[in-house]
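Working notes for the structure below.
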Amino acid sequence: NEAAKKALPLLGKKVLVTAGPTYEAIDPVRFIGNHSSGKMGFAIADVFTSLGAEVTLITGPTAEKSNSTLNRIDVVSAADMLAACETAFPKTDIMVMSAAVADYTPVAAADQKIKKNSAEFSLELKKTTDILATLGQVKTNHQILVGFALETENEEAYAKAKLSKKNLDLIVLNSLNDKGAGFKLNTNKITIFNKAGEKTVFETKSKTEVARDICNEILKLVH
Ligand code: CTP
Ligand code: CA
176 NEAAKKALPL LGKKVLVTAG PTYEAIDPVR FIGNHSSGKM GFAIADVFTS
226 LGAEVTLITG PTAEKSNSTL NRIDVVSAAD MLAACETAFP KTDIMVMSAA
276 VADYTPVAAA DQKIKKNSAE FSLELKKTTD ILATLGQVKT NHQILVGFAL
326 ETENEEAYAK AKLSKKNLDL IVLNSLNDKG AGFKLNTNKI TIFNKAGEKT
376 VFETKSKTEV ARDICNEILK LVH
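If you count the sequence shown from 1, you need to add 175 to reach the UniProt record's numbering.
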């Protein structure tokens, strides 16, 4: 009925959210990671759950706890996350890519712990597959694809370029220049751009409130 639809507008919708960092193995005891806490993605997953959606959360290594009503898939590397996303995406109505995926990964992980034998040591890295761009290429008109952009300069231009290049419906710009925004903090300051080039600026808020703002913008695209 209408009342239920209003309270749970995403009832029957399948939502896929990614969160956290990825860890790229260097050897059995070391990895390349980043400071993502996973808080933003977990908060978004919770909001979608509260809107009635069936949520799958694909997360890199994080200390965050998820509520038991969502389907949580734990992954480690960018390659693992790509595989999990490619499997889940075809059945997904709305996908929000909030994970901080490594851009580069070691060309090969050493089988044994690397010993400190030489004065200098360099690691050969190769680009990871861009998960969002990969999904953007197979996206249908019925699917909504949302990405993030983390920028420290030329923010608006870079964010808009990612929106179009990756075939996204929305991009959430997260700028590290803003006080109150960033990885370990509980607050965030975002700006959202849509395909029409419209820009919505939000105040600095708790990550829970930011998650609500993001989900509200996405809801506007769902009919
Ligand atoms: N992303 C992804 N797969 C990657 C790298 C990034 O899906 N291998 C996604 C991120 O989850 C984010 C979006 O792409 O939603 C933008 O990430 P960002 O790091 O801001 O941009 P990049 O495209 O990686 O470009 P750069 O780091 O050079 O700015
Ligand atoms: Ca990147």
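Don't be surprised by glycine CBs; every beta carbon is placed ideally from N, CA and C. This structure is a prediction, so every number in the text was calculated from the model and none was measured.
What would DSSP say about Ala-194, mapped onto helix, strand or coil? strand
Cα-Cα, which of Ala-371, Thr-366, Glu-384 is closest to Phe-377? Thr-366
If you count every other CB in all the chains shown that lies within 10 Å of the CB of Lys-266, and 16 or more means buried, which is it? exposed
State the beta-bridge partners of Thr-366 as determined by DSSP. Among the bridge pairs identified by DSSP, Thr-366 is matched with Leu-348, Val-376.
Are the segment 191–201 and the segment 232–241 touching, with three or more C-beta to C-beta distances below 8 Å? Taking 8 Å as the limit for Cβ pairs, the verdict is that the segment 232–241 does touch the segment 191–201.
Which residues in the same chain as Met-272 place their Cβ atom closer than 6 Å to its Cβ, once the five residues preceding and following it in sequence are excluded? Thr-193, Leu-307, Gly-322
By Cβ distance, which residues of its chain are closer than 6 Å to Ala-200, with the 5 residues on each side in sequence left out? Phe-206, Ala-284
To the nearest angstrom, report how far apart Ser-211 and Leu-298 are at their CA atoms. 23 Å
So Thr-231 packs on Leu-183, CB below 8 Å; how close in whole Å? Leu-183 and Thr-231 do not touch by the CB rule: their CB atoms are close to 18 Å apart, not below 8 Å.
Is Asp-305 near ligand 1, judged by its Cβ being under 7 Å from some heavy atom? yes
When you compare the segment 313–322 with the segment 277–297, are there three or more beta-carbon pairs, one atom per stretch, that lie closer than 8 Å? The answer is no - the segment 277–297 does not touch the segment 313–322, with fewer than three Cβ pairs under 8 Å.
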